[in-house]
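S.K.:
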Amino acid sequence: MTNSIEELGSADVLLVTGSNTTETHPQIGRNILEAVDGGAKLIVIDPRRTDLAKEAHIHLNLRPGTDIALINCMMRIILDEDLADDLFISMRTENFIPLRDYLHRLDLDELSATTGIELKKIHEAACIYARSSKSVICYCLGVTQHSCGTDNVQAVANLAMLTGNVEKKHSGVDPLRGQNNVQGACDMAALPAVLPGYQAITDSAIRDRFQAVWKREIPAVPGLSLTEMTHSGKDGAIRAMFIMGENPLISDPHLSRVQETFENLDFLAVSDIFLTETAQHAHVVFPAASFAEKRGTITNSERRVQLCRQAIPPIANCRPDSEIIMELGKRLDCPGMDFESSDEIMEEISLLTPIYGGMHYDRLEQSHGLQWPCWNRDHEGTEFLHKYYFTRGKGQFTITRHQEPAERPDRTYPYTLVTGRGSYHHYHTATMTRNSKRLVREYPEALLEINAQDAKTLQLQDGEKVELLSRRGKVRITITITDRVQPGTVFSSFHFFEVPINQLTTSVMDPKSKCPEFKVCSVNLQKVKHD
Amino acid sequence: MQNVMTICNYCGCGCGVYLCVDNNRVVGSYPSRNHPISRGNLCSKGWHLHQFIHSRNRLREPLLRKNGELLPVSWDEALDVTADALHKSRERSGPDSIGVLASAKCSNEENYLLQKFTRAGLGTNNIDHCARL
Amino acid sequence: MNTNFIPATAVIREIIRENDTISTFRLELINKRVPFSFRSGQFCMLSVPHCGEAAISISSAPNALPLFDLSIRNAGELTNAMHQMKAGEQVGIRGPFGTPFPMADFANSDMLFVAGGIGLAPLKSVIDHCLFQSGLEADAVANITLLYGSRSPSEVAFTTAISSWKEQGIDCRLTVDAGDDSWHANVGLVTELLQKELITKNTKSLICGPPVMIRFVIARLTEMGCASHDIFTTLERHMKCGMGTCGHCHLDGKLVCVDGPVFSLEQLQTMDVMELGT
Amino acid sequence: MIDLQEMILEKDRLIPLLRKLKKESRLIAPVTNKHGDTLLSEINNIDRDTIDLDRQPQNSLKSFFLPQQEILAHYSVDTTGYNFTAPEAAKETIYFGVRSCDLTALLYMDLIFSKPAKDASYYDRRNRSVIITLGCNDPFANCFCEATNSGPYLDYGYDLQFIDLGSSYYVAAGRRKGADLLNKWDYFFRTVEEEDQKIRYQLFLEARGRFNRNIQVSHACHKLQEEEVAETIWEKLAGRCYDCGGCAYVCPTCTCFSVDDMAIDDSHGTRIRSWDACTSSGFTRMAGNHNPTDRTRHALKQRFLHKLKYDYQKHGKASCTGCGRCVDICFGGVDITTFIEMFTRDAS
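Residue numbers (my numbering), protein chains in the order written: chain A, 435 to 965; chain B, 6 to 138; chain C, 11 to 288; chain D, 1349 to 1696.
1. Check whether chain A comes within 8 Å of M10 (chain B), counting only Cβ atoms and requiring the distance to be less than that.
2. So which residues on chain D does R247 (chain C) lean against when the C-beta distance must stay under 8 Å?
3. Which chain B residues sit within Cβ distance under 9 Å of E1315 (chain D)?
4. Looking at chain D, is there any beta carbon in it that lies within less than 8 Å of the beta carbon of P481 (chain A)?
5. Would you call the CB atoms of G815 (chain A) and L798 (chain A) closer than 8 Å?
6. Check the C-beta distance from I1612 (chain D) over to R61 (chain B) and give it rounded, since I have them as a contact under 8 Å.
7. Ordered along the chain, which non-local residues of its own chain (more than five positions away) have a Cβ less than 7 Å from that of N958 (chain A)?
8. Looking at the secondary structure, which residues open and close the beta strand (DSSP E) in which R548 (chain A) lies?
9. I'd like the list of long-range same chain contacts for L1459 (chain D), defined as Cβ closer than 8 Å, with 5 residues on each side in sequence excluded.
10. Buried or exposed for R1588 (chain D), please, with buried defined as at least 16 other CB atoms from any protein chain shown within 10 angstroms of its CB.
11. Taking CB distances under 8 Å as the criterion, tell me whether M622 (chain A) reaches chain B.
12. What are the partner residues of G1617 (chain D), as DSSP defines its beta bridges?
13. From the DSSP secondary-structure annotation, give me the bridge partner or partners of H260 (chain C).
14. Closest to D187 (chain C) by CA distance: which of C:K206, C:A152 and C:M223 is it?
15. Please classify P221 (chain C): does DSSP put it in a helix, a strand, or coil?
16. Does the distance from the CB of I1363 (chain D) to the CB of I1394 (chain D) come in under 8 Å?
17. Out of A:Q579, A:C742, A:S567 and A:R906, state which residue places its alpha-carbon closest to the alpha-carbon of Q800 (chain A).
18. What did DSSP end up calling T578 (chain A) once you bin it into helix, strand or coil?
19. Consult DSSP for W1533 (chain D) and reduce its assignment to one of helix, strand or coil.
20. Sorted by chain position, which residues of the same chain lie with C-beta nearer than 6 Å to N592 (chain A)'s C-beta, five sequence neighbours on each side aside?
21. Just how far apart, CA to CA, sit L786 (chain A) and R65 (chain B)?
22. Using DSSP's beta-bridge definition, name the partner residues of D181 (chain C).
23. Mind pulling the chain D residues with CB within less than 7 Å of R875 (chain A)?
24. Looking at chain E, is there any beta carbon in it that lies within less than 8 Å of the beta carbon of A131 (chain C)?
25. Cβ closer than 9 Å: which chain A residues qualify as neighbours of V26 (chain B)?
26. Between A:L882, A:K899 and A:H859, which lies nearest to T458 (chain A) when the distance is taken from Cα to Cα?
27. Who are the Cβ neighbours of D1486 (chain D) in its own chain at under 8 Å, not counting the five residues just before and after it?
28. Distance check for V58 (chain C) and F122 (chain B), CA to CA, integer angstroms please.
29. Step through the CB atoms of chain D and report whether any lies within less than 8 Å of the CB of H929 (chain A).
30. Rounded to whole angstroms, what's the CA-CA distance from M1349 (chain D) to D1528 (chain D)? Just pull it up for me.
31. Under a CB-based cut-off of 8 Å, is V32 (chain B) close to chain D?
32. Report the three-state DSSP secondary structure of K1649 (chain D) (helix, strand or coil).
33. Taking 8 Å as the threshold, find out whether the region 69-80 of chain C comes into contact with the region 130-140 of chain C through three or more Cβ pairs.
34. If you run the structure through DSSP and keep just helix, strand and coil, what is L804 (chain A)?
35. Taking only three categories from DSSP, how would you classify C25 (chain B)?
36. How would you call P921 (chain A), buried or exposed, if buried means at least 16 neighbouring beta carbons within 10 angstroms?
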């Protein structure tokens, strides 16, 4: 997030797109609702009528995969209404003219038809967003998990820059990060093309700095992304894997291909707290300590680096992941694998990672964390990003064009399946939440959301089991009839291993971000015949 | 009974939560009121954060596959087998034949260590995690 | 120390398979701390190892003690584990709990029992008790009629008990939602069996079954002129303690575990109850 | 013999007194920790753990008398059979600095856990407890205990009640155990002068005038006896309830609980009692998916009616003690004061 969570509560206009915030980021949802109760306007872009959409002044329930058309339409309206922030555009951005010319060539009625939303509603939303100088955009995986995810994000950025709604308190573009430490895992360069702090691996000067500390040469060529690894296949490049606390055999798209990869690996080691579906395929399984049994920092969605304190010693014969890695490191002659504490590891991180330069345990111990960039001990951290300048200098406008999702409904597969986190009570592959009695009680089984109209056509009753099929596989799932989804669209989550919904999803990815298109795939539903 | 301040292990909001510890068992989760995110409340997952920690389904021993079955072994055996297998794969098919997945559920320090191990120890940049899932 | 959450241990003496999903478990307490007695309509909290507790109504009559029956449908984690158990194994019992049927008020009455599926279990206790009383004193109750509905012929449960009741002169009328070649009795909803001639001024009606069934049977009985103080039902609710503290069985200011599970229609009419469709 | 009913304790004598008390029992008091949170906590070292009497503790006595998770029984399943054993007995504990609202809540719990049989674990802890309250001279921002008749000072129910007179405490014994303490440690105290009485009375009047919020609790209770709440109100509230359960968990009088087994291995386990919330759909759902409560419309109905209608009917008093803990923490901004305001405003 470029803003702090707390700032959302005082924004005047909140545009939330592709995020079921009250369920997936409850505290951020709380701030948004506080803003709404204080008089702020809320615009929600989501194909589903989520709980937050019900609170919205305008809910733009677009056809899945038409985000760019919708944002372009809004920008064109903003230009037509003369609501663009010309001063901001001239001072802080570049490449605006081509975008402006492109937008002028678009046909508003056509764009509106593409999105399936009436133009009047889009018009109203665009004006509300552009008229305020405290407008903030929150987006989540509903924007990124598309074959055009990078362009979707660029479109959102264009919209914010066009109206000058960046670079100040209460206005900006906020990607909401899902997992408790997905931000930190990125910051720490658990990514194939960067070193900690987003420093390019291809830059030899940067590599040199790391090599000086690590005492080893670092390969200069970016590695493979997650899906490239898990989809490498039977005779793929990947022969052995080490997996720490992830469950790709449930979470990754097009599962049959992932299974093929895993079944043909020469070696797989998994470190986890439960025997996940992935761990069940491993040659070696390490019992890891849970978050309550170790010390370390995690970084939340607003870049706040916070200290997790150890509550109890590791249970049974478990060990923290850090110990497991260092033990393996020592056995493979990797230098610098003899840290005595997480405090000592952070000392090396802050040395090599400028944005973490001021992250010291004594400071984290005394506070509720520090927000990066935090350059040094005297720096108090950064509440919101892009004050005075963008990371790359001037903000860059780029034309984004609507592109249809990789798969479109057809006769055989007439429905669009959207996947995501489906329940407030569960998390990701639910390895932890399904081991919590209360959460299981609240949401015991996988459900497929379907509109009443579709249920009627298919003669389905609420609570009935159906077979859900795509070109790649099929699952059996219980349906729930709800007005949360539009006719033609069905929704489900990937929390339940009994209903591996990713058997169905496509492995088409955004070419730049490598983010899979979880939000659109074509499916069909069939009544299950009673035996 | 002791209250240990930590950060919730579920979503990216990052609530400040007290784990209530009694006799080395976590028996409760309670929100911090002064913490800027939790502000005195947690979601349903946070309020039941303590429930999975002592689950009977937790892994308790290192496991090694022998004749198709995962069986408990010592830490040394599990680590030796793993180091040996990674070493062999690197020797035989090159460092880029190894893939490593880090975790958005683990700490910064652990993720840092794992990418350091991958890059400096194994000699590959094949490291990623579920950021996009 | 008072230990009201510590169950007594009971041994499964016999298991009677009632249909594919319902079995009756005949139990006997082996380490009771206080004498165990109960009245028809009451329930127990049953413990199954590692599965916690569930509220189950007692389906046998008090005169069968020290043996008592729990008839259980396999519908969840605990009941599924129970169905895996064998005679000789042990379970935990707390109770009995709840307000029983007002048996004293039934003297000399015409008894009409209307049940659906597993709902016959608590009524079975009353029927057996009425028959036992009849053996002791001639005017215990007048006529006994049972209307029992099941979804299909294979789901008809308690067949042994029903044939024994028939032999003892009870008018048992069975119906199924959908019949097959083997089925020669009625087909249709249990409400369709509610004929005028079954109702007298002296009839007490006892109903138990799925909420929808209870609703329609009550509506039909009322339509036929039964007074609300002559109609009784026993409600099923999620329960955790059985003693009026956990709060799960709340019902418009009352608690089913202590104020019920047996209610007269007269009582229910003052409340907002799912079974009445309000 | 109770002869020392009311005494004065100079503030300098407080720590010496507590030091003595701590020798004989466990001592629980409000402590502000380094994270800025005030929690009722066990005092391990009376000189290091600074007792904070100026801020409202975030947790109430419920955390101790009905803990978030407690062991009701240990069980074993082996060749000798299926056996249950009771948990360990509670420790003698003195609770110091308890606010009036929280003691009122405890008295309510005494009632709930006494019928039809006394709850063994609850009463074991209760019988081994001494409650020393502190009258509120300066109500906290969200408090409305005056409206619920549970503060700022109390007339009964406490073992001892402390009132801060500035440089000393006015200490009154309300129950036997409190009087015994006064008798036992009489040399720390002095007798009450007329001046002390005057100051106490003046402070009480001032405290009553200091409430920020004027919540029409008794009006709502009366009105609920006479009329139904409009469905639209329930639906509006339910639409904003996001099922966290937080209001019930922080509430000192929400006593709903669940009982579950937690297996340790194949042959051992514990039976656990844990906090539950009537606002969640699993609370009433039965096997076969029947649910007598429709969460989408009535998520908060039982909670509010229980506190303001049913308990008023049964005990002549609402079971909200005005502690204000649920105010401000609701994700959807629909706490009990929102309901009372909606319902009572609806009248005019």
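We treat Cβ as the ideally placed atom computed from N, Cα and C, and that holds for glycine.
M.R.: In this structure, then:
1. For M10 (chain B), the answer is yes, since a Cβ of chain A falls inside 8 Å of its Cβ.
2. Within chain D, the residues whose beta carbon sits less than 8 Å from that of R247 (chain C) are T1632, M1634 and P1640, listed in sequence order.
3. The question about residue 1315 (chain D) has no answer here: the residues shown for chain D are numbered 1349 through 1696.
4. With 8 Å as the cut-off, P481 (chain A) does not count as an interface residue toward chain D.
5. In terms of Cβ geometry, G815 (chain A) and L798 (chain A) do not form a close pair [threshold 8 Å].
6. Between I1612 (chain D) and R61 (chain B) a beta carbon distance of about 7 Å is seen, short of the 8 Å cut, so the two are scored as contacting.
7. So the qualifying residues of the chain are T846, Y847, P848, Y849 and L903.
8. Per the sequence shown, residue 548 (chain A) should be read as Thr rather than Arg. Where T548 (chain A) is concerned, there is no enclosing beta strand (DSSP E), although the alpha helix (DSSP H) it sits in stretches over L542 to T549.
9. Around L1459 (chain D): H1663.
10. The residue in question, R1588 (chain D), is buried, as its Cβ has 16 or more Cβ neighbours within 10 Å.
11. Closer than 8 Å: yes.
12. Looking at the DSSP output, G1617 (chain D) sits in a beta bridge with D:Y1423 and D:A1611.
13. The beta-bridge partner set that DSSP reports for H260 (chain C) consists of C:L265.
14. The shortest C-alpha separation from D187 (chain C) is found at C:M223.
15. Looking at P221 (chain C) - three-state DSSP - the assignment turns out to be helix.
16. Judged by their CB atoms, I1363 (chain D) and I1394 (chain D) are nearer to each other than the 8 Å cut-off.
17. Here the closest residue by C-alpha is A:C742.
18. Three-state result, T578 (chain A): helix.
19. Coil, per DSSP.
20. Answer for N592 (chain A): F831, listed in chain order.
21. Going from the Cα of L786 (chain A) to the Cα of R65 (chain B) covers about 35 Å.
22. For D181 (chain C), the beta-bridge partners assigned by DSSP are C:T155.
23. Those within 7 Å of R875 (chain A) in chain D are G1630.
24. The structure shown contains no chain E; its protein chains are A, B, C and D.
25. Simply A726, A745 and I746.
26. The option with the nearest alpha carbon to T458 (chain A) is A:H859.
27. Same-chain partners within the cutoff: A1555 and R1558.
28. About 49 Å.
29. Answer no: the Cβ-Cβ gap between H929 (chain A) and chain D never drops below 8 Å.
30. Note on M1349 (chain D): pLDDT 43, under 50, position unreliable in the model; no value is reported.
31. Yes, V32 (chain B) lies at the interface with chain D (some Cβ there is under 8 Å from its Cβ).
32. If DSSP states are grouped into helix, strand and coil, K1649 (chain D) belongs with the helices.
33. Cβ pair count under 8 Å is three or more, so yes.
34. In the structure shown, L804 (chain A) sits in a strand (DSSP, three-state: E or B).
35. Looking at C25 (chain B) - three-state DSSP - the assignment turns out to be strand.
36. Counting of Cβ neighbours within 10 angstroms places P921 (chain A) among the exposed residues, the total staying below 16.
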